[in-house]
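Numbering (the working numbering), first residue to last: 35 to 384.
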């Protein structure tokens, strides 16, 4: 029987800022850029009570919470805290799958720590993290990987939730499908239209019906709801792409104005490629454009190096589709060859 722990730090970036500046501890706080069109990366729990969420624009967040304090991110500080957290994990297992700076899966099946009790390990890991960083974490413990992730949300913040092996069947039967990783809003709406709301609904239909009416995703969903998808911790992550994008405070109203931004975006993309040692793995260039009416378009081309001329051509092609609409956002990116790299997930603040 497998033993998985999912550790999720509590509003990590905001928690670091509150730790380092106690004056922020009791105010609605968010991390993000200072411009009106900036996007928030996270918010503390006080701000969340007003409806403030990650990926929300500063403007919308201020509408919901006029007293919201927005501070710029300090990625190096967050990375330092994340390294301290990873060091704690290594005292318990080498099977660690980081999902981001503030979240990871641990496989503790063969760990002898805490007499082999995953529940006690999760408690001790959380205590060790707090001792090392002054930050709180929540945990989920389960014999199935994705259930551990769901469980880590049950007693947030600064808590943990255990799903024992004998509880898995009932837990999955009652589980709302929207809580399963990979089931987004659009997918959930489609499942609901077919009368599927919980794990029990999926199991009642059977795998053949799910494949016929939902496709291959339906088979995967059935396996999860039936407790057949145990999962495994992957200690290596594969990066398939890398991109840089910028939302402008004032719309770009001409193609030339957009082209003038290309060297800036390209320089940032080059910096990230060099940092992640991905320059020799490029296999595609891409451009993304979001217009003022929020329509998004993109263009790409096979290429094995950064080429400003090709990116300019792709940008021109994408811009023409907007029929003279002003441009709100520009992005450039690369596809990379499929080779394993360790721990390459970038934060939107990096």
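Here a beta-carbon is modelled for each residue, glycine too, at the ideal position from N, C-alpha and C.
What you are looking at is a predicted structure, and each value in this text was computed from that prediction instead of being measured.
Check: Alpha helix (DSSP H) runs wholly inside the stretch 331 to 369, at least 4 long, in chain order; Outcome: 342 to 354
Check: Straight-line gap, residue 284 to residue 228 (C-alpha atoms, nearest Å); Outcome: 44 Å
Check: Nearest-angstrom Cα separation, counted from residue 137 out to residue 154; Outcome: 19 Å
Check: Residues that residue 139 bridges to, as DSSP identifies them; Outcome: 40 and 131
Check: Host beta strand (DSSP E) of residue 104 (start-end); Outcome: 103 to 105
Check: Same chain only: Cβ atoms within 8 Å of residue 180, ignoring 5 sequence neighbours per side; Outcome: 214, 215, 258, 263 and 265
Check: Local Cβ density within 10 Å of residue 61, reported as buried at 16 or more and exposed below that; Outcome: exposed
Check: Cβ-based neighbour list, residue 183, same chain, cut-off 7 Å, excluding 5 preceding and 5 following; Outcome: 40, 174 and 215
Check: Cutoff 8 Å; reference residue 86; Cβ partners in own chain excluding five residues on either side; Outcome: 62, 64, 74, 77, 95, 98, 99 and 102
Check: Nearest-angstrom Cα separation, counted from residue 131 out to residue 178; Outcome: 15 Å
Check: Extent of the continuous alpha helix (DSSP H) run through residue 232; Outcome: Where residue 232 is concerned, there is no enclosing alpha helix (DSSP H), given that its DSSP letter is neither H nor E.
Check: The stretch 149 to 169 in contact with the stretch 276 to 290 per 3-pair CB rule at 8 Å; Outcome: no
Check: Residue environment, residue 201, which counts as buried when at least 16 other CB atoms sit within 10 Å; Outcome: exposed
Check: Range covered by the alpha helix (DSSP H) that runs through residue 51; Outcome: 46 to 54
Check: Three-state secondary structure (DSSP) of residue 178; Outcome: coil
Check: Closest by C-alpha distance to residue 49, when choosing among 253, 134, 171 and 353; Outcome: 171
Check: DSSP state of residue 126 mapped onto helix, strand, coil; Outcome: coil
Check: Residue 255 and residue 232 closer than 8 Å at C-beta; Outcome: no
Check: Candidates 305, 224, 199 and 186, of which the one nearest residue 44 by Cα; Outcome: 186
Check: Residue closest to residue 323, alpha-carbon to alpha-carbon, out of 333, 316 and 307; Outcome: 333
Check: Inter-residue spacing [alpha-carbon to alpha-carbon] between residue 105 and residue 305; Outcome: 24 Å
Check: Cβ neighbour criterion (16 or more within 10 Å) applied to residue 342; Outcome: exposed
Check: Proximity of residue 355 and residue 281 at Cβ, strictly below 8 Å; Outcome: no
Check: Simplified DSSP state of residue 112, which is helix, strand or coil; Outcome: helix
Check: Backbone CA spacing between residue 303 and residue 237 [nearest angstrom]; Outcome: 46 Å
Check: Rounded Cβ spacing between residue 359 and residue 326 (contact assumed at less than 8 Å); Outcome: 6 Å
Check: With 16 other Cβ atoms within 10 Å as the buried cut-off, status of residue 160; Outcome: buried
Check: Environment of residue 35 [buried if 16+ CB atoms lie within 10 Å]; Outcome: exposed
Check: Alpha carbon of residue 121 to alpha carbon of residue 328, nearest angstrom; Outcome: 42 Å
Check: Per-residue burial, residue 386 [other beta carbons within 10 Å of its own, 16 or more giving buried]; Outcome: For the chain, the structure presents residues 35 to 384; residue 386 sits outside this window and is missing.
Check: Residue range of the unbroken alpha helix (DSSP H) whose run includes residue 251; Outcome: 250 to 259
Check: Neighbourhood of residue 129 by C-beta, 6 Å cutoff - its chain only, sequence neighbours within 5 removed; Outcome: 141 and 267
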